[in-house]
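Student: Protein chains in written order, with our numbering: chain A, 1 to 436; chain G, 437 to 650.
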Amino acid sequence: MDTVRLRPPLVRGEDRFVAGVCSGLARHLGLRVEVVRWVMVLSSLLGGAGIVFYAWLWIMVPTAAEATRRQARRPASSIAPAVSLAADVVEDSHRTTPALASAAEARRAGRLAGHAREILLGAVLVLVAVALGGRLLGAEIPLGVIVPIAAILGGAALAWMQLDDSRREQLVRGAGPGRWNGWLRLGAGLALVIAGVALAVSGSQWNVLGLALLASLAVLAGVALVLLPWGLKFWRDLAAERSARVREEERAEIAAHLHDSVLQTLALIQRRAGSEADVTRLARAQERELREWLYRDSRRGEGTFVDRLKALAGEVEDAHGHSVEVVSVGDVPLHGKNAERLEALLQAAREAMLNAVRHGGGSVSVYVEAGSDAVDLFVKDRGPGFDPEAVPADRLGVRESIVGRMRRHGGEATIASGPDGTEVRLHLPGMGAEES
Amino acid sequence: MSEPVTVVVVDDHTIFRSGLKADLDERVRVVGEAATVEQAVAVIDELRPQVVLLDVHLPGGLGGGGREVLTRSAALLPRVRFLALSVSDAAEDVVSVIRAGARGYVTKTASGPEITDAILRVAGGDAVFSPRLAGFVLDAFGTAAVADDELDRLSARELEVMRFIARGYSYKEVAKELFISVKTVETHVSAVLRKLQLTNRHELSRWAADRRIW
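#1: At which residue ranges does the stretch 578-635 of chain G contain complete alpha helix (DSSP H) runs of 4 or more residues, listed in the order of the chain?
#2: Along the beta strand (DSSP E) that carries Thr442/G, what are the first and last residues, could you check?
#3: Compare the C-beta of Lys310/A with all C-beta atoms of chain G and state if any pair is closer than 7 Å.
#4: Mind pulling the chain A residues with CB within less than 7 Å of Glu609/G?
#5: Which residues in chain A sit within 9 Å of Asp575/G, going by Cβ to Cβ distance?
#6: I need the boundaries of the beta strand (DSSP E) containing Lys544/G, first residue and last residue.
#7: Helix, strand or coil for Glu550/G per DSSP?
#8: In the DSSP assignment, find the beta strand (DSSP E) that holds Gly418/A and state where it starts and stops.
#9: Where does Asp491/G land, buried or exposed, given buried means 16+ other C-beta within 10 angstroms?
#10: Of the residues Leu342/A, Glu400/A, Leu354/A, which one's Cα is nearest the Cα of Ala374/A?
#11: Establish whether the CB of Ala349/A and some CB of chain G are separated by less than 7 Å.
#12: Tell me which residue opens and which closes the beta strand (DSSP E) that Val533/G is part of.
#13: With C-beta atoms as the reference, is Ala416/A less than 7 Å away from Met406/A?
#14: List the residues of chain G that Glu325/A touches, going by C-beta distances under 7 Å, in chain order.
#15: Could you tell me whether the Cβ of Phe378/A comes closer than 7 Å to any Cβ of chain G?
#16: Under 8 Å between beta-carbons, which chain G residues line up against Ser417/A? List them in chain order, please.
#17: Taking Cβ-Cβ distances shorter than 9 Å, what residues in chain G pair up with Ser365/A?
#18: Label Lys631/G either buried or exposed according to how many other C-beta atoms from any shown protein chain fall within 10 Å of its C-beta, with 16 as the threshold for buried.
#19: Within 7 Å (strictly less), CB to CB, does Gly578/G reach chain A?
#20: If we cut at 7 Å on Cβ distances, does Gly571/G have a partner in chain A?
#21: Grab the span of the alpha helix (DSSP H) containing Arg465/G for me, first residue to last.
#22: When burial is assigned at 16 or more other CB atoms within 10 Å of the CB, is Thr97/A buried or exposed?
#23: Kindly indicate which three-state DSSP category Gly421/A falls into: helix, strand or coil?
#24: Within 10 angstroms of its Cβ, does Pro567/G collect 16 or more other Cβ (buried), or is it exposed?
#25: Does the stretch 502-512 of chain G touch the stretch 586-604 of chain G, meaning 3 or more C-beta pairs lie closer than 8 Å?
#26: Note the first and the last residue of the continuous alpha helix (DSSP H) segment covering Asp481/G.
#27: I want to know whether the stretch 507-514 of chain G touches the stretch 603-613 of chain G - three or more CB-CB distances under 8 Å.
#28: Taking its Cβ as the centre, do 16 or more other Cβ atoms sit within 10 Å of Val441/G, making it buried, or is it exposed?
#29: Since I believe Leu519/G is in contact with Arg535/G (beta carbons under 8 Å), could you give me their beta-carbon distance rounded to a whole number of angstroms?
#30: Touching or not, the stretch 362-371 of chain A and the stretch 606-622 of chain G, by the rule of three or more beta carbon pairs under 8 Å?
#31: For Glu14/A, does the three-state DSSP call read helix, strand or coil?
#32: Of the choices Gly47/A, Leu10/A, Leu46/A, whose alpha-carbon is the least far from that of Val30/A?
#33: First and last residue of the beta strand (DSSP E) that includes Glu325/A?
#34: Express the C-alpha separation of Arg382/A and Ile555/G in angstroms, rounding to a whole number.
#35: For Phe565/G, count the other beta carbons within 10 Å of its own beta carbon; 16 or more makes it buried, fewer makes it exposed. Which is it?
In C-alpha cells:
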C-alpha cells in the first residue's frame, strides 16, 4: 500500500444512512466506512460528542454534487440561448421572460438555502449558549425542558434533510430512489416534532398527553396554515426550475444537432459552390435529414416498411442527385413472417428507383399503399420511356431484379412506359393471415 | 391568353419572395407582397387579388401562420382563392390550411412553371393536389371505396383519382388513364377538396387527433 499524500477532498458521500458524513470521512481518511461509523456511534455515547461532531460536519461539508457544482458555476452554453430565442420567436415571443425569471428565482432559492444553513448553525449555537448561560447563572434547566427541545430539534433536523441540496435536486427531477426514503424521513421528523411539542406542553406528565397531543396538533396546523403559501411558492419555484431544465436540455440537443448537420453541410456547400450538382445534392440530402429529424414520429419504432423505403429513396437520391419523392399510405412492420418478402419488395423498389433516376427525367414519384392484405408500390418517372419487351436479355436490371424477384416472392411487377414517362408497379399480395 | 391572374405573395422570407416572383411567368402578375399575418390580411383586403400564394408558417398574429390569414380573410374567400405554399410536408401543416379554406397546396421546391400552373388552376376554381396531399387524403379517408351516396366519404372514382395523383400523375395523365376528360378529373378533385374541408367524420377526426392536427 503506498500512502499517497494527496487525500481525496472531504465531501459527503453518496452512500449514506443519514447525510453521508461517515462515508465521506472514510474516503477522506482512507479508512473503512464501518470503522468510521462505529467510532461515530461510540463517541456519541460519550456525552454526545459524536453527535455534535457529526452535525458540524453535516452542516459544513458539501456533498460531492454540491462541490462540483460550486467549482463549475458554468455559464449556459452560448449557442443555446440563440437557438432558444429563435425557437421562442416562432412559438411564443413572451415565453422567454418567465423562463428567465424562474431561473433567477431558482438561483435566489439556492442562495436562501445556503443562508439557511448558517442560520441553523447560529440557532443551535445560541440555544447551547443560552443553556450554558442559564446553568452558570444557577438556573437549573430541568430534563423536562431539554428532552422536548432535543426532540423538536431532532425532528426538525430529520425534516431538514429534505432541504439538503442533493435531495432537492432529486425532488426537482421528480423521481429517484430516494423519494420513498425521503417521505419516511419527513414523516419521522414530523412525528418527533409533534411528540416534542406534546411533551413540552404536558410537562412530561403522561396522563395529560392525549390532551396535549391535541393542543400541539392544533398549534402545528396553525403553523402549517401560515407557512402554506410559502411552501406553495417554493414548490412552484421547483416546478419552474424543473421545466426550465427540461427546456434547456432540449435546446442543447437542437443546438448539437444543428451543429453536426446543418452547419457542416453549409460549410461544405460553401466550399463546393462551383459545382451546381454537388450543391443541389448536398442541400437535398441535408433537407431530407433535417426533415426526418424534425417530423419524425417518436411513437413509432424503427424498422417499418415505409421507413426503410424512405431510407432507400434517400440513398438513391444521394447517389444520383435526383429528387425522389415518397408518398405513403399505411405501413407494415418489417419483422414477422413476411419480413423476407417485404425485403424482396424493397430491393425491387430500389432497382426501379435506380432505373428511374438513371433513365428517366424530372422528379421521381414513389407511392406505396400498404394495406392489411397487400402492399402496392409504384415508381414513376417522367423520362422518354422505353419498351419493356425491347430490353435485351442480358440487361439484368429490369428483368431479373424487378420482375423475376417479385415473381419469386409471390408478387408481380408490371412496367408501363409511354411518352410521358415510365411507371413500375409492384404488387405483393398475401400480407394477411395466410402463409405464403 | 386573357388578362394575367393577379397574385399576392405572402411569405416571410424576402429572398424567397423575390425568387418566386422571378420564376413565375407572364400568365400571372404579382400585385402585392406581405411578410406577416397582419400585413397579409391588410394587403389581401385592400388589393383583392384573384389568388394568394400563402406560406403555411408565418410570423405575427396569434401565431396561427397561414391558417390564421385564411380564417381572418374568410369573408373574401369565395372570390379570393388561396394556394398554400410550404417547405413542410407535415400532415398537420398541410391539412390544417386546406381545412381552413385553401384550394390547394404546393411545396416550395416546385419549379416556377409548376407553381404558375397551380395558380392558374386555383384561379379557375379548381383544386390543386400534390401527390403528398393526395396521400394524406387517402390516409385520412381510408382506401376502401363506398357507395356514392355517402357524402362524407370518397367514391370509388374519387379514390381512383386520388391514387393516381398520389402516384405522381398529372390531371391530364389521370384523364387519359381513366378515359375521362380533364374537366371531369378536376370535378372529382374539387369534390374531394370539399369533402376534406367539410367533413366531420370521426375517422377523420381520429386520424387528425393521432397526428395532433386541429
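For every residue, glycine included, the Cβ atom is placed at its ideal position computed from N, Cα and C. Values in this document were obtained by computation on a predicted structure and should not be read as measured data.
Tutor: Quick look at the numbers:
#1: 592-602, 607-614, 618-634
#2: For the purposes of this step, residue 442/G is taken as the residue at position 6 of the second sequence. 441-446 is the span of the beta strand (DSSP E), which, as asked, contains Thr442/G.
#3: Within the first sequence, numbered from 1, the residue matching residue 310/A stands at position 310. Taking Cβ atoms only, chain G never reaches closer than 7 Å to Lys310/A, which makes this a no.
#4: As a working mapping, residue 609/G is identified with position 173 in the second sequence. Chain A residues near Glu609/G: Asp420.
#5: For this step, residue 575/G is matched to residue 139 along the second sequence. Here the neighbours are Ser328, Val329, Gly330.
#6: In the second sequence, the residue the question calls residue 544/G occupies position 108. Element bounds for Lys544/G: n/a, residue is neither H nor E.
#7: Reading the second sequence from its first residue, position 114 is the one you call residue 550/G. Glu550/G: helix per DSSP, three-state reduction.
#8: Mapped onto the first sequence, residue 418/A falls at position 418. 412-418 is the span of the beta strand (DSSP E), which, as asked, contains Gly418/A.
#9: Position 55 of the second sequence, counting from 1, holds the residue named residue 491/G. Flag for Asp491/G reads buried.
#10: Here residue 374/A corresponds to residue number 374 of the first sequence, with the count starting at 1. Cα-wise, what sits closest to Ala374/A is Leu342/A.
#11: By 1-based counting over the first sequence, the position of residue 349/A is 349. Not an interface residue.
#12: The residue labelled residue 533/G in the question sits at position 97 within the second sequence. No beta strand (DSSP E) holds Val533/G; the alpha helix (DSSP H) holding it covers 527-536.
#13: Translated into positions along the first sequence, residue 416/A becomes position 416. Translated into positions along the first sequence, residue 406/A becomes position 406. No; because the gap between Cβ atoms is not below 7 Å, this pair is not in contact.
#14: Here residue 325/A refers to the residue found at position 325 when the first sequence is read from its first residue. Chain G residues near Glu325/A: Pro567.
#15: If you number the first sequence from 1, residue 378/A lands on position 378. So, interface residue.
#16: Taking the first sequence and counting its residues from 1, the one referred to as residue 417/A is at position 417. By Cβ distance, chain G contributes nothing, its closest Cβ being about 13 Å from Ser417/A, past 8 Å.
#17: Translated into the one-based positions of the first sequence, residue 365/A becomes position 365. By Cβ distance, chain G contributes Pro567, Ala602, Arg603, Gly604, Tyr605.
#18: Position 195 of the second sequence, counting from 1, holds the residue named residue 631/G. That one is buried.
#19: Position 142 of the second sequence, counting from 1, holds the residue named residue 578/G. No - not a single Cβ of chain A is within 7 Å of the one on Gly578/G.
#20: Residue numbering aside, residue 571/G sits at position 135 when the second sequence is read from its first letter. True, the Cβ-Cβ gap to chain A drops below 7 Å.
#21: To locate residue 465/G, count along the second sequence from 1; it is residue 29. Here Arg465/G belongs to no alpha helix (DSSP H); instead the beta strand (DSSP E) covers 464-470.
#22: Walking along the first sequence from the start, residue 97/A turns up at place 97. Only weak support is given to the placement of Thr97/A: the predicted model assigns it a pLDDT of 42, under 50, and the question is left unresolved by the model.
#23: The residue you call residue 421/A lines up with position 421 of the first sequence. Here Gly421/A sits in strand by DSSP.
#24: On the second sequence, position 131 is the one that residue 567/G refers to. Under this definition Pro567/G is a buried residue.
#25: Look at the beta carbons and you see the stretch 586-604 of chain G not touching the stretch 502-512 of chain G: under three pairs across the two are nearer than 8 Å.
#26: Looking up residue 481/G in the second sequence gives position 45. Asp481/G -> alpha helix (DSSP H) spans 473-483.
#27: no
#28: The count along the second sequence starts at 1 and reaches residue 441/G at position 5. Val441/G is buried by the Cβ-count criterion.
#29: As a first step, residue 535/G is located in the second sequence; it is residue number 99 there, counting from the start. As a first step, residue 519/G is located in the second sequence; it is residue number 83 there, counting from the start. Taking C-beta atoms under 8 Å as the contact rule, Arg535/G and Leu519/G fail to qualify, at a distance of about 15 Å.
#30: no
#31: As a first step, residue 14/A is located in the first sequence; it is residue number 14 there, counting from the start. The answer is coil: DSSP assigns Glu14/A none of H, G, I, E or B.
#32: Walking along the first sequence from the start, residue 30/A turns up at place 30. It should be pointed out that residue 30/A corresponds to Gly in this sequence rather than to Val. Comparing Cα-Cα distances from Gly30/A to each of Gly47/A, Leu10/A, Leu46/A, the minimum goes to Leu10/A.
#33: Here residue 325/A refers to the residue found at position 325 when the first sequence is read from its first residue. Glu325/A -> beta strand (DSSP E) spans 324-329.
#34: Position 119 of the second sequence holds residue 555/G. Position 382 of the first sequence holds residue 382/A. If you take the alpha carbons of Ile555/G and Arg382/A, they lie about 22 Å apart.
#35: Here residue 565/G is taken as the residue at index 129 of the second sequence, counted from 1. So Phe565/G ends up on the buried side.
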